[in-house]
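As numbered in UniProt numbering, residues 9 to 391 make up the sequence shown, in order.
Where is the CB? At the ideal position from N, CA and C, for every residue including glycine.
Input: a single structure, listed below in structure tokens.
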Amino acid sequence: LEYSREPPRNPSLRINAKEPFNAEPKRSDLISSYITPVDLFYKRNHGPIPIVTDLDKYRVTIEGLIQNPIQVSMDDIRNLPKHNVTATLQCAGNRRTEMSKRRKVRGVGWDACALGTAIWGGAKLCDVLKLVGLSNNTLTTTSGGRHVEFISVDMCKEENGGPYKASVPLKQATNPAADVLLAYEMNGEVLKRDHGYPLRVIVPGVIAARSVKWLASIKIIEEESQGFFMAKDYKMFPPTVDWDNIVWDTRKPQMDFPVQSAICSLEDVTFTRQRKMTIAGYAVSGGGRGIERVDISVDGGKTWFEASRHQKPGIKYIPDEVTSDKWAWVLFKTVVDVPDRMEIVLKAVDSGANVQPESVDSIWNLRGILNTSWHHVHVFNAS
Ligand code: MTE
Ligand code: MO
Numbered sequence: 009l010e011y012s013r014e015p016p017r018n019p020s021l022r023i024n025a026k027e028p029f030n031a032e033p034k035r036s037d038l039i040s041s042y043i044t045p046v047d048l049f050y051k052r053n054h055g056p057i058p059i060v061t062d063l064d065k066y067r068v069t070i071e072g073l074i075q076n077p078i079q080v081s082m083d084d085i086r087n088l089p090k091h092n093v094t095a096t097l098q099c100a101g102n103r104r105t106e107m108s109k110r111r112k113v114r115g116v117g118w119d120a121c122a123l124g125t126a127i128w129g130g131a132k133l134c135d136v137l138k139l140v141g142l143s144n145n146t147l148t149t150t151s152g153g154r155h156v157e158f159i160s161v162d163m164c165k166e167e168n169g170g171p172y173k174a175s176v177p178l179k180q181a182t183n184p185a186a187d188v189l190l191a192y193e194m195n196g197e198v199l200k201r202d203h204g205y206p207l208r209v210i211v212p213g214v215i216a217a218r219s220v221k222w223l224a225s226i227k228i229i230e231e232e233s234q235g236f237f238m239a240k241d242y243k244m245f246p247p248t249v250d251w252d253n254i255v256w257d258t259r260k261p262q263m264d265f266p267v268q269s270a271i272c273s274l275e276d277v278t279f280t281r282q283r284k285m286t287i288a289g290y291a292v293s294g295g296g297r298g299i300e301r302v303d304i305s306v307d308g309g310k311t312w313f314e315a316s317r318h319q320k321p322g323i324k325y326i327p328d329e330v331t332s333d334k335w336a337w338v339l340f341k342t343v344v345d346v347p348d349r350m351e352i353v354l355k356a357v358d359s360g361a362n363v364q365p366e367s368v369d370s371i372w373n374l375r376g377i378l379n380t381s382w383h384h385v386h387v388f389n390a391s
């Protein structure tokens, strides 16, 4: 695979793997704004970044278990109603490094910044699928299609040089309220190559592995995509399953991500000379479940208080309101006194009253996905 034509990147990113390029922003950079600037948005790839040069010739094929397959151009997509959806994308591997410290897992190591929030602009997939005669909220096509597969143009080692693939249920793809997009803009700008230029899928509330970049075709299929990243990766196994006894078919592909939070104003071990300190970070949950509460402890988890949280100014959480921030994180902040030493612990609660698990042990899995355990930071006062 050829890595000589990669796009320019912000040098402040922390590189976790060079080829394919995998990088995340510094913790303090991640929470410096509610909307993550494109150059600071984490980048997660499985091959070289494709180059699409001739937009006039670019077509997305829509085929499979439907009556009339078609090809749509970029103009066709732009002519559909445009929607802006504020959504947090989170890699399932976020906080993997921490999980691996407990017991070794396989995969690219990530700190706590393999996520970001952007305003994605594009057409709703449900509107695109109307072009092939599928109406909203379709469960199955007349020829038995129940899933929508997205196929890219990039080349991945895991697919033996073939393209990256993933799928979502047809019911979700044709549901206007699910806000699944074919996005051509990120934060009001033309999508950058790193993030899927010219067109990518955005599946809000779902692990970002399903938001396929550099979209080439859409296929209506019977069962979930058999692509590597659906069938042999990104599945949540119990701690007892290891590489010698794994049976991939026994689990469903992971879709929604669970409630997550992390402290980003501090490193895991922090030395300070100050008497007051800001604790700030993010909390986010999948499936459109908003954040209900962010709990902080400064005594290792014995006592807790609630941190103030803020969403995008002017936006309130309105259930079922398409343009609300139900797909996006909240940022939180609190100021505390600093004793000689303290152990800060963080956990969030979502609108479904789901709470993060206390320790990594109960959720450890061999691929190191979905580490949502309580985040701990140790502070030592050197004054
Ligand atoms: N789409 C393609 N075509 N190729 C990829 O390697 N990686 C997936 C997803 N879509 C991937 C892809 C994964 S695992 C993640 S976490 C997100 O893209 C990362 O999106 P980003 O690089 O825009 O942050
Ligand atoms: Mo990912």
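Contiguous beta strand (DSSP E) assignments of at least 3 residues, all confined to the region 19-60
22-25 and 30-32
CB-CB under 7 Å to Val346, same chain, minus the five flanking residues each way: which ones, in chain order?
Translated into the one-based positions of the sequence shown, residue 346 becomes position 338. Thr280, Gln282, Arg283, Lys284, Met285, Val387 and Asn389.
Should Ala336 be counted as a contact of the ligand MTE given a C-beta to heavy atom distance under 6 Å?
As a first step, residue 336 is located in the sequence shown; it is residue number 328 there, counting from the start. False, no ligand heavy atom lies under 6 Å from that Cβ.
Cut-off 7 Å between Cβ atoms - residues of its own chain near Pro177, not counting five sequence neighbours on either side
Position 169 of the sequence shown, counted from the first residue, corresponds to residue 177. Correct list, in chain order: Arg154 and His155.
In chain order, what residues of the same chain have a beta carbon less than 6 Å from the beta carbon of Ala181, not counting five sequence neighbours either side?
Against the sequence shown, residue 181 aligns to sequence position 173. Only Leu133, Val156 and Val188 meet the Cβ criterion.
Within its chain, find whatever has a CB closer than 7 Å to the CB of Asp348; leave out the 5 residues flanking it on each side and keep chain order.
Locating residue 348 in the sequence shown gives position 340, counting from the first residue. Same-chain partners within the cutoff: Asn389.
Just checking my contact of Val116 with Asn24 at CB under 8 Å: how many whole Å lie between their CB atoms?
As a first step, residue 116 must be located in the sequence shown, where it is residue number 108. As a first step, residue 24 must be located in the sequence shown, where it is residue number 16. With a Cβ gap of about 5 Å, Val116 and Asn24 count as contacting.
To the nearest angstrom, how far is it from the Cα of Phe49 to the Cα of Lys200?
On the sequence shown, position 41 is the one that residue 49 refers to. On the sequence shown, position 192 is the one that residue 200 refers to. Their backbone Cα atoms lie some 11 Å apart in a straight line.
Would DSSP call Ile371 helix, strand or coil?
Position 363 of the sequence shown, counted from the first residue, corresponds to residue 371. Looking at Ile371 - three-state DSSP - the assignment turns out to be coil, as it is neither helix nor strand.
Residue range of the unbroken beta strand (DSSP E) whose run includes Thr96:
By one-based count along the sequence shown, residue 96 stands at place 88. Where Thr96 is concerned, the enclosing beta strand (DSSP E) stretches over Lys90 to Gln98.
Between Thr52 and the ligand MO, is there a pair consisting of the residue's CB and a ligand heavy atom that are separated by less than 6 Å?
Your numbering for residue 52 matches position 44 in the sequence shown. First, the residue type needs correcting, since residue 52 is Arg and not Thr in the sequence shown. Because some heavy atom of the ligand MO lies under 6 Å away, the Cβ of Arg52 counts as near it: yes.
Taking buried to mean at least 16 other C-beta atoms within 10 Å of its own C-beta, is Asn379 buried or exposed?
Along the sequence shown, read from residue 1 onward, the residue named residue 379 stands at position 371. Asn379 is buried by the Cβ-count criterion.
At the level of alpha carbons, what is the spacing between His91 and Asp135?
Within the sequence shown, numbered from 1, the residue matching residue 91 stands at position 83. Within the sequence shown, numbered from 1, the residue matching residue 135 stands at position 127. Going by the C-alpha atoms only, they are around 11 Å apart.
Terminal residues of the continuous beta strand (DSSP E) containing Glu71?
Locating residue 71 in the sequence shown gives position 63, counting from the first residue. Residues Arg67 to Gly72.
Does at least one heavy atom of the ligand MTE sit under 6 Å from the Cβ of Tyr172?
On the sequence shown, residue 172 is found 164 positions in, with the first residue counted as 1. Result yes, Cβ under 6 Å from the ligand MTE.
Based on the DSSP secondary-structure assignment, which residues constitute the bridge partners of Thr286?
As a first step, residue 286 is located in the sequence shown; it is residue number 278 there, counting from the start. Paired residue(s): Val343.
For the region 293-304 against the region 356-366, do three or more pairs of beta-carbon atoms, one drawn from each stretch, fall closer than 8 Å, so that the two count as touching?
yes
Any heavy atom of the ligand MO closer than 6 Å to the beta-carbon of Cys99?
Walking along the sequence shown from the start, residue 99 turns up at place 91. The answer is yes for Cys99.
What residue does the beta strand (DSSP E) around Lys132 start on, and which one ends it?
Translated into positions along the sequence shown, residue 132 becomes position 124. Counting along the chain, the beta strand (DSSP E) containing Lys132 begins and ends at Leu123 to Lys132.
Proximity winner among Asn253, Lys173, Ala185 and Gln262, relative to Ala224 (alpha-carbon distances):
Indexing the sequence shown from 1 puts residue 224 at position 216. It is Lys173.
Taking the alpha carbon of Trp372 as the point to measure from, which residue in Lys112, His203, Trp118 and Gly169 has its own alpha carbon closest?
Locating residue 372 in the sequence shown gives position 364, counting from the first residue. The shortest C-alpha separation from Trp372 is found at Lys112.
According to DSSP, is Gln180 helix, strand or coil?
Position 172 of the sequence shown, counting from 1, holds the residue named residue 180. Here Gln180 sits in helix by DSSP.
For the ligand MTE, any of its heavy atoms closer than 6 Å to the Cβ of Leu128?
Locating residue 128 in the sequence shown gives position 120, where the first residue counts as 1. In the sequence as presented, Leu is not what sits at residue 128; that position holds Trp. Outside the cutoff, so no.
Quick check: what's the CA-CA separation for Lys26 versus Glu14?
Position 18 of the sequence shown holds residue 26. Position 6 of the sequence shown holds residue 14. Roughly 11 Å separates the two Cα atoms.
Taking Ser225 as part of the beta strand (DSSP E), name the residues at either end of that continuous run.
As a working mapping, residue 225 is identified with position 217 in the sequence shown. Unbroken beta strand (DSSP E) run through Ser225: Leu223 to Ile229.
Within the continuous alpha helix (DSSP H) that includes Met108, where are the two ends?
Start at 1 with the first residue of the sequence shown, and residue 108 comes out as number 100. Just to set this straight, residue 108 is Ser in the shown sequence, not Met. Residues Arg104 to Arg110.
Residue from Leu137, Pro247, Tyr42 and Thr96 whose Cα sits closest to the Cα of Glu71:
As a position in the sequence shown, residue 71 is number 63, starting the count at 1. Among Leu137, Pro247, Tyr42 and Thr96, the Cα nearest to that of Glu71 is on Leu137.
Please classify Gly213: does DSSP put it in a helix, a strand, or coil?
In the sequence shown, the residue the question calls residue 213 occupies position 205. Gly213 falls in the coil class under three-state DSSP.
Rounding to the nearest angstrom, what Cα-Cα distance links Val140 and Leu73 in this structure?
Mapped onto the sequence shown, residue 140 falls at position 132. Mapped onto the sequence shown, residue 73 falls at position 65. Approximately 11 Å, taken between the alpha carbons.
Going by DSSP, which residues form a beta bridge with Arg349?
On the sequence shown, position 341 is the one that residue 349 refers to. Paired residue(s): Phe388.
State yes or no: is the C-beta of residue 438 within less than 7 Å of the C-beta of Leu38?
Given that the chain is displayed from residue 9 to residue 391, the structure contains no residue 438 and the question cannot be resolved.
Need the endpoints of the beta strand (DSSP E) that Ile159 sits in, please.
As a position in the sequence shown, residue 159 is number 151, starting the count at 1. Per DSSP, Ile159 belongs to the beta strand (DSSP E) from His155 to Ser160.
For Asp264, which residues from the same chain have a beta carbon less than 7 Å from its beta carbon, with the 5 sequence-adjacent residues on both sides left out?
Taking the sequence shown and counting its residues from 1, one reaches residue 264 at position 256. The answer, listed in chain order, is Gly213, Val214, Gly294 and Gly295.
Thinking just about the alpha-carbon of each residue, which of Ser391, Pro28, Ala336 and Ala315 is nearest to the one in Lys355?
As a position in the sequence shown, residue 355 is number 347, starting the count at 1. Residue Ala315 is the option with its Cα nearest to Lys355.
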